[in-house]
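Colleague: Residue numbers for the sequence shown follow the UniProt record's numbering, so the first one is 1 and each next one is one higher. Where a beta carbon is used, it is the ideal one built from N, C-alpha and C, also for glycine. Sharing a structure with you now.
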Amino acid sequence: MRTFRRILVILYLIFNISEMQYRCIEVKGEENLFRQNHATVVDVVLYDFKDKYISLVKQNLEEIQNQNKGKVKFNFYDSKGNQAIQNEILSNLENNVQDILLINLVDTKATQEVIDRFKLRGIPIIFFNREPLSTEAIKSYEKAYYVGTNAKEAGNLQGQILVNLWNNKRTSIDINNNGVLQYAILRGPQNNIEAQERTEFSIKALEKAGIQIAQIASTIGNWERDLARTNISALFLQYDNRIEAIIANNDEMAIGAIEALQKYGYNLGDPKKTIAVVGVDATPEAQELIKNGRMAGSVFQDPSEMAKAIYTIGLNVFQGNPPLLDTQYKFDETGKAVRLPYKEYIG
């Protein structure tokens, strides 16, 4: 009798285990079917919707969604340039259902914290534009990558624009005719890698060309037009006609500088009263100023290519493919970063 009961218990356990396995397979199958029939969900956490270049990347992601109706759904979140807000957004997203996370960091030191939030769920994370201070955190997670640019290249191209101006139109740029290019720098946030390297390599390009240079002033503009306008207004009053060129780490600051100069009658179209201003991004507004002779030039950072790259790489990782499958992109020496090329823009 006891033997018979043991047999019944064993049969009962076998039946229940088999039933559980069947249900797990059934649920897994339903999940796969759900994923096949529903759009890929991509959460996009942006540094600041007001940032001109970032707003253009956002527009291009929206265009990708329009071209792939029913296949992809982007959810956009605005960090408003505030790390506390970005942390709150990320905390909320931990409880969301998403397939891919695209993130434009506020604090470039927060990479590891972002990875720790989503790594256990196996969510692909594509950092972009604002470069993490260290790649070690990205290397710690097989589904994390960075898409950006080479800030040194941007700085070098800015410098080359001024070198060409100096060589071809020296009389118009050397206002006091002393043979020295006197310049001011408008820098991005302190401790930002891109701001540092754009600044350093723009100056190196001038030095390499053998041009005598003198830095009149250097001020932080935090990528912002309004702050740049205020700073250049103050500098112009302080240094009067000694500033012959302004090197801005981005176009928003360059445009702010031009607006300040225009208050004093400069950069309104008269070549004899134009201070050479260069920026980075070649935004539509900057392009118009360059065409009208108000701005010397910029360095083009293609927002459509950035949007395409972060979406394509994220989708490849989500689908279990090599991240660069069916693309022309290449990793840099880290094996985790793709750097999109810049182009000089002088109209």
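DSSP three-state call for K71: helix, strand or coil?
Modeller: Three-state result, K71: coil.
Colleague: Are the CB atoms of V299 and Q212 nearer to each other than 7 angstroms?
Modeller: no
Colleague: In whole angstroms, what is the alpha-carbon distance linking L268 and E207?
Modeller: The straight-line gap from Cα to Cα measures roughly 29 angstroms.
Colleague: For a test of the three-state rule: what should DSSP assign to Q301, helix, strand or coil?
Modeller: Taken through DSSP and simplified to helix, strand or coil, Q301 comes out as coil.
Colleague: Mind pulling the alpha helix (DSSP H) runs of 4 or more residues that sit fully within the region 97-167?
Modeller: 111-118 and 136-139
Colleague: Mapping DSSP to helix, strand and coil, what is A337?
Modeller: strand
Colleague: Mind checking whether the beta-carbon of T111 lies closer than 6 angstroms to any heavy atom of the ligand ATP?
Modeller: With respect to the ligand ATP, the structure offers nothing, as it holds no ligand at all.
Colleague: Just mark S218 as buried or exposed, buried being the case when its beta carbon has 16 or more other beta carbons within 10 Å.
Modeller: In this structure S218 is exposed. Its beta-carbon is surrounded by fewer than 16 other beta-carbon atoms within 10 angstroms.
Colleague: Look at the Cβ atom of A260, then the Cβ atom of A248, and state whether they are nearer than 7 angstroms.
Modeller: Against a cut-off of 7 angstroms, the Cβ pair of A248 and A260 comes out as no contact.
Colleague: Quick one: give me the first and last residue of the beta strand (DSSP E) that R187 is part of.
Modeller: Residues L181 to R187.
Colleague: Residues in the same chain with beta-carbon distance under 7 angstroms from I161, minus the five sequence neighbours each way, listed in chain order, please.
Modeller: Answer for I161: V278, A296, G297, E344 and I346, listed in chain order.
Colleague: Just how far apart, CA to CA, sit K69 and S55?
Modeller: 21 angstroms
Colleague: Within its chain, find whatever has a CB closer than 7 angstroms to the CB of R170; leave out the 5 residues flanking it on each side and keep chain order.
Modeller: none
Colleague: Is the region 141-157 touching the region 193-205 in the sense that three or more CB pairs, one from each, lie closer than 8 angstroms?
Modeller: yes
Colleague: Applying the criterion that 16 or more other CB atoms from any shown protein chain within 10 Å of the CB defines a buried residue, is L325 buried or exposed?
Modeller: exposed
Colleague: Terminal residues of the continuous alpha helix (DSSP H) containing L227?
Modeller: R225 to Y239
Colleague: Leaving out five residues on either side along the sequence, give the residues of the same chain with a beta carbon under 6 angstroms from the beta carbon of L93.
Modeller: D43
Colleague: Taking the alpha-carbon positions, what's the N241 to P271 distance?
Modeller: 15 angstroms
Colleague: Look at the alpha carbon of P132 and the alpha carbon of T274, and state the distance between them as a whole number of angstroms.
Modeller: 37 angstroms
Colleague: Cα separation between N104 and E113?
Modeller: 14 angstroms
Colleague: Count the other C-beta atoms from every protein chain shown that fall within 10 angstroms of the C-beta of K52, then say buried if there are 16 or more, exposed otherwise.
Modeller: buried
Colleague: Taking only the alpha-carbon atoms, compute the straight-line gap between E333 and A309 and give it to the nearest angstrom.
Modeller: 18 angstroms
Colleague: Report back the beta-carbon spacing between I216 and I243 to the nearest angstrom; my notes put them in contact at under 8 angstroms.
Modeller: In this structure, I216 and I243 form a Cβ contact; the two beta carbons are roughly 5 angstroms apart against a cut-off of 8 angstroms.
Colleague: Would you report the Cα separation of N32 and P124, rounded to the nearest angstrom?
Modeller: Its pLDDT being 40, under 50, N32 is placed unreliably by the model, and nothing is read from it.
Colleague: Alpha carbon to alpha carbon, how far is N250 from K50?
Modeller: 14 angstroms
Colleague: Measuring only the C-alpha atoms, how far is A286 from R229?
Modeller: 15 angstroms
Colleague: Go through its chain and collect everything with a Cβ distance to P284's Cβ below 7 angstroms, but skip five positions before and after it.
Modeller: none
Colleague: Please determine, among P341, V45, R339 and I246, the residue with the shortest C-alpha to C-alpha distance to Q98.
Modeller: V45
Colleague: Could you tell me the alpha carbon to alpha carbon distance between S172 and G265, rounded to whole angstroms?
Modeller: Cα-Cα distance, rounded: 16 angstroms.
Colleague: Buried or exposed: which applies to L61, given that a residue is buried once 16 or more other Cβ atoms fall within 10 Å of its Cβ?
Modeller: buried
Colleague: So what does DSSP say about D48, is it helix, strand or coil?
Modeller: coil
Colleague: Between the Cα of V106 and those of S91, Q86 and L120, spot the shortest distance and give me the residue it belongs to.
Modeller: Q86
Colleague: On the three-state DSSP scale, how would you describe D251?
Modeller: helix
Colleague: Please tell me whether I125 has its Cβ less than 7 angstroms away from any Cβ of chain D.
Modeller: Among the protein chains of the structure shown there is no chain D, as only one such chain exists.
Colleague: Going by Cα to Cα distance, which pick from V338, P303 and G293 is closest to G314?
Modeller: V338
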